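Protein chains in written order, with this note's numbering: chain A, 214 to 371; chain B, 214 to 371; chain C, 108 to 191; chain D, 108 to 191.
What follows is the structure, given as structure tokens:
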């Protein structure tokens, strides 16, 4: 399995990552599932408060290893052929790309499940911190109760 | 909600569809989930029989409406902002792109669910037929028992 | 009256053709069409069209036979579908 | 011995700094470090570091205190994480 994990300030190209994966895969993959997270201009839970920027912080070294552990867990659960995770850090403005998860497999169920699993774990386990800046100040964002429930569901929880 | 459904012989560009969706979405979407189905070079269920081509047939008019019905059902279930479904027909060789489903929403759970839902329904309800050509001849492909179970799961079945 | 009949995928293989214009008496039904097809198609084709998993579309809408036909109707025989 | 201590996100705000080198006696433990930090950080910082939801990493591995420290160790205080 090809796996690629990058934490970077610069933007990424979905087209380049998808194209590179197709070159690597040839004709053995029947399914490529992908997800891109974007900065929304509204604060979560407060429909009328505009977000001016999202600042992402990480712990170099530990953050990459936390993502590697998530990808390894996914690769143990599903027969994956190719996984790419790119996560940006730094100050991102509304509409900017934050994260790309791309998973390829022979069949769609594994590709979908792995992509969603990795996103759920990035939300709750990967070593990042997020600060939302709005006109009224800044606040640190935490994983939501729904995020934690989704991870619990992957582990047989209710 | 922007919705776009195309059935075509020519190939499609994932990059172009993703770029166009981002332009349309601005900063209101936090999540874009997408799926691409590719022609595998192995016949499903038979690990050692090479597929030389997949021929996709459709019923012009009825096929497009069957996809529109699937997308409308997804839009009724989840708060979607943008959905693109492109499905190719004709003779496709191994590694070729068959189908793109791209769904955008404010949050990832809706985008993932809609993308997977649409794919599951394309497998079982959309008006297409597939013939696999191999060295030993051709055979018509049918939706698998797993495909039918997945659709049943969306409807509360077991 | 004239009715256009379409055969898809494995049913096209069974019928030996993909589309056929069939002339029927006025006030014909789906059953009259099947009787007409029995004479016009190759042997075994009717059994294939009558299989349990075959669905029928009348003017591109899935429709459960029996039903009446009108001039210019399009009847299609659809074997099990699969896309994606 | 010297230990490097790192504070992230809201804990950096609470501590008023992101990294600090702390000099400790040989055979110091995590508790000795916390005592040292109490004198070196601004008021209220220790309470923030001791909150239930704060995790501690020793040399970039999550480690549950108490633990012993060695020369050159890197200790980090991590508030609840969220990525994606």
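Think of the CB as a built atom: it goes at the ideal place given N, C-alpha and C, for glycine as much as any other residue.
Values in this document were obtained by computation on a predicted structure and should not be read as measured data.
So, for residue 328 of chain B: in the same chain, excluding its five sequence neighbours on each side, which residues have a beta-carbon less than 6 Å away from its beta-carbon? 246, 248, 314, 316
Are there 16 or more other CB atoms within 10 angstroms of the CB of residue 186 of chain D, so buried, or fewer, so exposed? buried
Assumed close pair residue 270 of chain A, residue 116 of chain D - CB separation to whole angstroms, cut-off 8 Å: 6 Å
The region 299-331 of chain B: positions lying closer than 7 Å to chain C by Cβ: 300, 312
Could you name the residues of the same chain whose beta carbon sits closer than 7 Å to that of residue 281 of chain A, not counting the 5 residues immediately before and after it, in chain order? 218
Residues that residue 221 of chain A bridges to, as DSSP identifies them: A:301
Looking only at C-alpha atoms, which of A:352, A:296, A:272 sits nearest to residue 283 of chain A? A:296
Using beta carbons (cut-off 8 Å, strictly below), is residue 340 of chain A in contact with chain B? no
Let me confirm a value: residue 126 of chain D is counted as buried when at least 16 other C-beta atoms fall within 10 Å, else exposed. Which label applies? exposed
So the alpha helix (DSSP H) residue 229 of chain B belongs to, where does it begin and stop? 227-238
Report the rounded CA-to-CA distance for residue 182 of chain C versus residue 170 of chain C, giving the unit in angstroms. 10 Å
Separation of residue 363 of chain A from residue 110 of chain C, as counted between CA atoms: 54 Å
Should residue 177 of chain D go down as buried or exposed, given a rule of 16 or more other Cβ atoms within 10 Å for buried? exposed
Could you spell out the range, first to last residue, of the alpha helix (DSSP H) harbouring residue 289 of chain B? 275-290
Do residue 153 of chain C and residue 123 of chain C come within 8 Å of each other at the CB atom, strictly closer than that value? no
Would you list the one or two residues that DSSP bridges to residue 344 of chain B? B:268, B:353
Quick one: what does DSSP say residue 215 of chain B is sitting in, helix, strand or coil? strand
Listed from N- to C-terminal order along the chain, which residues in the region 173-184 of chain C have their beta-carbon within a distance smaller than 7 Å of any beta-carbon of chain B? 183
Quick one: list the residues of chain B neighbouring residue 151 of chain C, beta-carbon separation under 9 Å, in chain order. Simply none; closest approach about 16 Å.
Could you check the C-alpha separation between residue 188 of chain D and residue 343 of chain A for me, to the nearest Å? 8 Å
Measuring only the C-alpha atoms, how far is residue 354 of chain A from residue 119 of chain D? 15 Å
Could you work out which residue in D:160, D:121, D:175, D:158 is closest to residue 138 of chain D when comparing CA atoms only? D:175
Please tell me whether residue 188 of chain D has its Cβ less than 8 Å away from any Cβ of chain A. yes
Run down chain B in chain order and give the residues with a C-beta less than 8 Å from the C-beta of residue 244 of chain A. 248, 249, 250, 251
Output needed for residue 173 of chain C: all residues of its chain with C-beta closer than 8 Å, excluding positions within five of it in sequence on either side, in chain order. 136, 137, 138
Consider the Cβ of residue 240 of chain B: report whether some Cβ of chain A lies at a distance smaller than 8 Å. yes
Does any C-beta atom of chain A lie closer than 8 Å to the C-beta of residue 164 of chain D? yes
Does residue 359 of chain B pass the burial test, meaning 16 or more other C-beta atoms within 10 Å, or should it be called exposed? exposed
In the DSSP assignment, what residue or residues form a beta bridge with residue 250 of chain A? A:312, B:244
Nearest to residue 350 of chain B (by Cα), restricted to the options B:264, B:298, B:275: B:264
I'd like the list of long-range same chain contacts for residue 114 of chain D, defined as Cβ closer than 6 Å, with 5 residues on each side in sequence excluded. 122, 125, 184
So, does the CB of residue 255 of chain B fall closer than 8 Å to a CB anywhere in chain C? no
Does the CB of residue 228 of chain B have a neighbour CB from chain A at under 8 Å? yes
Hey, could you find the ends of the beta strand (DSSP E) residue 112 of chain D is sitting in? 109-114
Going by C-alpha distance, which of A:312, A:332, A:267, A:287 is nearest residue 214 of chain A? A:287
Looking at the secondary structure, which residues open and close the alpha helix (DSSP H) in which residue 131 of chain D lies? It is not in any alpha helix (DSSP H) - residue 131 of chain D carries neither H nor E in the DSSP assignment.
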